[in-house]
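The structure under discussion appears below in the form of structure tokens.
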Ligand code: MG
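This is the structure in structure tokens:
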């Protein structure tokens, strides 16, 4: 068994879609980034790569590569799952937190869980997504950005 943790942050801006956990959420602001800026999926990817000793998301999916412009991060998560599998591991579980002051994310959590489980080809019960506000403090509290944390456990298949 190996554990991994991941963290990601993106700035909020007008004129960008808000995509979290592969769900397009109606909102006045969206996350800024080279890819679709899916802050949750990026944290999950980094947790998995870390657990497997495969460096980090920037190593595999560099934001200087035009190939990843506006990339669907769920697709990057699927590619990560393949790397984990090729390295001789399977995903035991993922637990994650999105920190966002608004909008309310509760209505979208189940779809996020389904999307993550689908990309990782694991059961929904192995995926946890939680959302919290930061009580109006700091850059998340002022809606300047959003952040996400993820922890995962992977197990050797060999
Ligand atoms: Mg990111």
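Residue numbers (the numbering used here): 1427 to 1584. Just so it is clear, CB atoms sit at the ideal spot from N, CA and C, and this is done for glycine as well.
*Is the stretch 1486-1504 in contact with the stretch 1445-1465, if contact means three or more CB pairs nearer than 8 Å?*
yes
*How many angstroms separate the CA atom of residue 1568 from the CA atom of residue 1437?*
11 Å
_Quick check: the stretch 1465-1485 against the stretch 1498-1507, are at least 3 beta-carbon pairs closer than 8 Å?_
yes
*In chain order, what residues of the same chain have a beta carbon less than 7 Å from the beta carbon of residue 1510, not counting five sequence neighbours either side?*
1474, 1478, 1517, 1580
*Taking the continuous alpha helix (DSSP H) assigned at residue 1579, which residues delimit it?*
No alpha helix (DSSP H) contains residue 1579, which is instead part of the beta strand (DSSP E) from 1571-1582.
*Round the Cβ separation of residue 1541 and residue 1448 to the nearest angstrom and send it over; I've been treating them as touching at under 8 Å.*
4 Å
*Is the beta carbon of residue 1522 less than 9 Å from the beta carbon of residue 1574?*
yes
*So, are the CB atoms of residue 1543 and residue 1535 less than 9 Å apart?*
no
*Use the C-beta contact count for residue 1445: other C-beta atoms within 10 angstroms, 16 or more gives buried, fewer gives exposed.*
buried
*Could you name the residues of the same chain whose beta carbon sits closer than 8 Å to that of residue 1572, not counting the 5 residues immediately before and after it, in chain order?*
1435, 1436, 1438, 1446, 1457, 1465, 1524, 1525, 1526, 1566
*Expressed to the nearest angstrom, what Euclidean distance is found between the alpha-carbon atoms of residue 1486 and residue 1433?*
16 Å
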